[in-house]
Amino acid sequence: MMTGVLPRVKMVSTGGTICMKVDPNTGGAVPALSGADLATAVPGLGGVARVEVEEFSRVESTAMGPSTWTPLVRRLRAIFDGDPDLAGIVVTHGTGLLDEAAYFVDLALAETRPVVFTGAARNASIWDTDGPRNILGATRVAAASAARDMGVLVCLNDQIHAARDAVKRHANSVEAYMSGDHGLLGNAYYDTVRFYRKPLRRPHFSLEKLDPRVEIVMMYSESDGRFVKTCIDTGVSGIVIQGVNTGNVNAALHNAILQALKAGIAVVLTTNLPYGQVYPIYGSLGGGKSLRDAGAIMAEDLKPRKARLLLMFALGETRDRKRLQEIFLNA
Numbered sequence: 104m105m106t107g108v109l110p111r112v113k114m115v116s117t118g119g120t121i122c123m124k125v126d127p128n129t130g131g132a133v134p135a136l137s138g139a140d141l142a143t144a145v146p147g148l149g150g151v152a153r154v155e156v157e158e159f160s161r162v163e164s165t166a167m168g169p170s171t172w173t174p175l176v177r178r179l180r181a182i183f184d185g186d187p188d189l190a191g192i193v194v195t196h197g198t199g200l201l202d203e204a205a206y207f208v209d210l211a212l213a214e215t216r217p218v219v220f221t222g223a224a225r226n227a228s229i230w231d232t233d234g235p236r237n238i239l240g241a242t243r244v245a246a247a248s249a250a251r252d253m254g255v256l257v258c259l260n261d262q263i264h265a266a267r268d269a270v271k272r273h274a275n276s277v278e279a280y281m282s283g284d285h286g287l288l289g290n291a292y293y294d295t296v297r298f299y300r301k302p303l304r305r306p307h308f309s310l311e312k313l314d315p316r317v318e319i320v321m322m323y324s325e326s327d328g329r330f331v332k333t334c335i336d337t338g339v340s341g342i343v344i345q346g347v348n349t350g351n352v353n354a355a356l357h358n359a360i361l362q363a364l365k366a367g368i369a370v371v372l373t374t375n376l377p378y379g380q381v382y383p384i385y386g387s388l389g390g391g392k393s394l395r396d397a398g399a400i401m402a403e404d405l406k407p408r409k410a411r412l413l414l415m416f417a418l419g420e421t422r423d424r425k426r427l428q429e430i431f432l433n434a
């Protein structure tokens, strides 16, 4: 690349609050802005990179999921393969499921150049919408050579997160995301991009083998196991259990999990808490050690919704419990 020539970045818009405006007839925010509209609204964007825009979709994040992220991954792959000089890609996405979207892409896309997800907490009709600022920051990260080999990233409010660790923590604040125990990867303050650590756990899987038949069941007071039994009856391939604390459930849910394991369903144990991880401590009925010994897979510190995505990919590779546990230990 010639000295003085700005890097090229592709912006792929998918929808979300960042593209919404208030409908004057209903008073509710709805998808309205195209990808080109989003880029045009960012002051100074042309001074960061030569940005090309492509609209993938224009929907709320609640309309997104593995069935839509799969073609998104394929499109991102095609963009990179067709443009070896492209510095990186920015994906605008609704923040409600942005953490899942970024992790799904990270698991499916092996690429050294950065993919940076961003979004907004405030729609474009609000005078201080955070969308333009977040697009600018994400573009700066996508254009940075330091962002290579860092995996899929999330950049919101000038903070850079690893896709694996990013989780939405606040329904209203512009500082909506955190990175749990491991902290931020870096920051995109002013005109600089700085990283302080590098993600080490970055497994990749085949999209073609993805098994979407994985559900999440939550442990709550007096859980009776009926939802696990429904999973068994409907033929799911895997169940992620959101246990309490280090991964514990009550007796009724424990017994239902045993039935699921007997039926050949992969069961992954996670914690309901934003910090910490599951650990096989308690040997009583429903304790994490009892569940592990019965064949449940420990998800380490991976949270339930991301554990579900990882299990979808992992089940495409193997049904062996020992191998599945190895995947979770290293992902």
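Numbering (the working numbering), first residue to last: 104 to 434.
We treat Cβ as the ideally placed atom computed from N, Cα and C, and that holds for glycine.
Owing to the predicted nature of the structure, the values given are computational and were not obtained by experimental measurement.
- For the region 328-412, the full-length beta strand (DSSP E) segments reaching 3 residues or more read 341-346 and 369-374 along the chain.
- Checking the DSSP bridge columns, you'll see N226 has no partner listed.
- In this structure, the beta-carbon distance from M123 to N237 does not fall below 7 Å.
- Counting the other Cβ atoms within 10 Å of the Cβ of Y280 gives 16 or more, which makes it buried.
- A contact is defined here as three or more CB-CB pairs under 8 Å, and the region 228-242 fails this definition with respect to the region 163-174.
- With the rule of 3 Cβ pairs closer than 8 Å, the region 391-399 does not count as touching the region 411-418.
- In this structure A190 does not touch V255 by the C-beta definition: roughly 15 Å separates them, more than the 8 Å allowed.
- Of the residues T242, E311, A142 and E214, the one whose Cα lies closest to the Cα of S170 is E311.
- Close CB contacts of L364 within its chain, under the 8 Å cut and outside five residues either way in sequence, are with V370, A397, G398 and A399 (chain order).
- Annotation: P377 to K406 spans about 8 Å, alpha carbon to alpha carbon.
- Here M415 carries a helix assignment [DSSP, helix/strand/coil].
- When the alpha-carbon of V257 is set against those of A204, R300, I229 and T232, the nearest one is in A204.
- Annotation for G199: no beta strand (DSSP E) segment contains it, and DSSP assigns it neither H nor E.
- By the Cβ neighbour-count rule, I342 is buried, with 16 or more other Cβ atoms within 10 Å of its own.
- In this structure, I121 sits away from T242, with a CB-CB distance that is not shorter than 7 Å.
- L356 is positioned such that its CB atom lies no closer than 7 Å to that of S387.
- In this structure, N351 places its C-beta atom within 7 Å of the C-beta atom of G389.
- Counting C-beta pairs closer than 8 Å gives fewer than three between the region 315-329 and the region 297-304, which falls short of the contact rule.
- According to the DSSP assignment, A241 belongs to the alpha helix (DSSP H) that extends over G234 to A246.
- A366 is the residue among A266, Q345, A366 and S324 whose C-alpha sits nearest the C-alpha of G338.
- D202 sits close to K271, with the two beta carbons spaced by under 7 Å.
- Y206 sits in a helix when the DSSP states are folded into three classes.
- The three-state secondary structure of F220, taken from DSSP, is strand.
- In the three-state scheme derived from DSSP, where H, G and I count as helix and E and B as strand, E155 is classed as strand.
- Per DSSP, the beta-bridge partners of R111 are R153.
- When secondary structure is reduced to three states using DSSP, T173 falls in the helix class.
- Rounded to the nearest whole angstrom, the C-alpha separation of A266 and M253 is 10 Å.
- Closest in C-alpha terms to D404, from the list I360, R424 and Q345, comes Q345.
- In the three-state reduction of the DSSP assignment, H285 falls in the helix class.
- With contacts defined as CB atoms closer than 7 Å, A181 and V156 fail to qualify as a contacting pair.
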